[in-house]
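Peer 1: This is the structure I have questions about; it appears just below.
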Amino acid sequence: MPMVKISKYNIAFRLRENTYILYNTLYNSISKVDFELLEAMLKGNLEDIPQDIRSKLYNFGFLVDDELEELNIIKTMHNFEISKLYSAFRVGLTLTMTYACNLKCPYCYEGNLTQKADFLSKKDIDIILKFALNHQKYFPIKRNPSIDVSFYGGEPLLNWKCCKYTLESLEALKRKGEIEDYTAGFVTNGTLINMDVIDAINDFNIVSMQITLDGPKEIHDKRRITRTVKGHLTL
Ligand code: SF4
114 MPMVKISKYN IAFRLRENTY ILYNTLYNSI SKVDFELLEA MLKGNLEDIP QDIRSKLYNF
174 GFLVDDELEE LNIIKTMHNF EISKLYSAFR VGLTLTMTYA CNLKCPYCYE GNLTQKADFL
234 SKKDIDIILK FALNHQKYFP IKRNPSIDVS FYGGEPLLNW KCCKYTLESL EALKRKGEIE
294 DYTAGFVTNG TLINMDVIDA INDFNIVSMQ ITLDGPKEIH DKRRITRTVK GHLTL
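So the sequence shown is numbered by the working numbering: it starts at 114 and just counts up by one.
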């Protein structure tokens, strides 16, 4: 083992009599230690610590190479995070297009909301996209964002008109260079997917269709009931 010193980023909490929690904020390591060990570390008496325990403390970052300048690690991590921000400035939007749904699953957490619900309008979408475009002003880095949209509900395809309007708007923003790029995805019960939706999958950057199923047909049909018919797979 190389020459070692105590990490500057160790902190200790008393758990109970003679038992302490040692936490290293730089390496995110945690360990339970007794007072004798903690005292040896605090006093810098590393030679009093048995070799096998010293190796473990070294492996988890509680002890570090004598030469190591730990602040440099933090500076490197900081620069890495900043470079990530530069390389991909993304804004994620989950759009609840409506709480309405054509199914009536008994476990639905949206309950009565699925029966009498509003729909997002084109005007709402304009406001939301404007917000996404302006979002960068809260960050130190000024560059056009990429926008990731997830269409959610209720059943989002009940408001297909507005989903399509959103996709067209994103495409137009990309063409005008106001956004770097966009992706879109749907969380849907799948019952309303038609040729228009399939064409859109080809025409726009729709990267996922998450279709919810409750297992094989016999089980699914008992649970995913429509408002008027028994199971939607039987339709
Ligand atoms: S499909 Fe989803 S939103 Fe619709 S009733 Fe079932 S759980 Fe609720």
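Backbone N, C-alpha and C define an ideal beta-carbon position, used for all residues, glycine too.
Quantities reported herein were computed from a predicted structural model and do not represent experimental measurements.
Could you check how far apart the C-beta atoms of ASN123 and ASN141 are, in whole angstroms? I think they sit under 8 Å.
Peer 2: Translated into positions along the sequence shown, residue 123 becomes position 10. Translated into positions along the sequence shown, residue 141 becomes position 28. 12 Å between Cβ atoms; not a contact.
Peer 1: When the distance is taken between beta carbons, is LEU326 closer than 8 Å to GLU291?
Peer 2: Sequence index remark: in the sequence shown, residue 291 carries index 178 (1-based). Sequence index remark: in the sequence shown, residue 326 carries index 213 (1-based). No, Cβ-Cβ distance for GLU291 and LEU326 is not below 8 Å.
Peer 1: What I want to know is whether the C-beta of LYS274 ends up closer than 7 Å to one or more non-hydrogen atoms of the ligand SF4.
Peer 2: One-based indexing of the sequence shown puts residue 274 at position 161. No - the ligand SF4 has no heavy atom lying nearer than 7 Å to the Cβ of LYS274.
Peer 1: Mind the definition here: the segment 203-220 touches the segment 235-245 only if three or more C-beta pairs lie below 8 Å; say whether that holds.
Peer 2: Yes: at least three Cβ pairs fall under 8 Å.
Peer 1: How many angstroms separate the CA atom of ASN318 from the CA atom of TYR295?
Peer 2: Stepping through the sequence shown from its first residue, residue 318 is reached at position 205. Stepping through the sequence shown from its first residue, residue 295 is reached at position 182. Spanning the two alpha carbons is a distance of roughly 7 Å.
Peer 1: Which one or two residues does DSSP pair with MET322 in a beta bridge?
Peer 2: Start at 1 with the first residue of the sequence shown, and residue 322 comes out as number 209. Its beta-bridge partners are PHE299.
Peer 1: Within 10 angstroms of the Cβ of LEU348, are there 16 or more other Cβ atoms? Answer buried if so, exposed if not.
Peer 2: Residue 348 sits at position 235 when you count from the first residue of the sequence shown. Its pLDDT being 44, under 50, LEU348 is placed unreliably by the model, and the measurement read from it follows with that caveat. The residue in question, LEU348, is exposed, as its Cβ has fewer than 16 Cβ neighbours within 10 Å.
Peer 1: To the nearest whole angstrom, what separates the beta carbons of TYR222 and GLY267, a pair I think is in contact under 8 Å?
Peer 2: To locate residue 222, count along the sequence shown from 1; it is residue 109. To locate residue 267, count along the sequence shown from 1; it is residue 154. Not a contact, Cβ separation roughly 11 Å.
Peer 1: Per DSSP, what kind of secondary structure is ASP239 in: helix, strand or coil?
Peer 2: On the sequence shown, residue 239 is found 126 positions in, with the first residue counted as 1. ASP239: helix per DSSP, three-state reduction.
Peer 1: Helix, strand or coil for LEU348? Go by DSSP, reduced to three states.
Peer 2: Taking the sequence shown and counting its residues from 1, one reaches residue 348 at position 235. Confidence is the limiting factor: at LEU348 the pLDDT is only 44, short of 50, which leaves the residue's position unreliable and the question unanswerable from this model.
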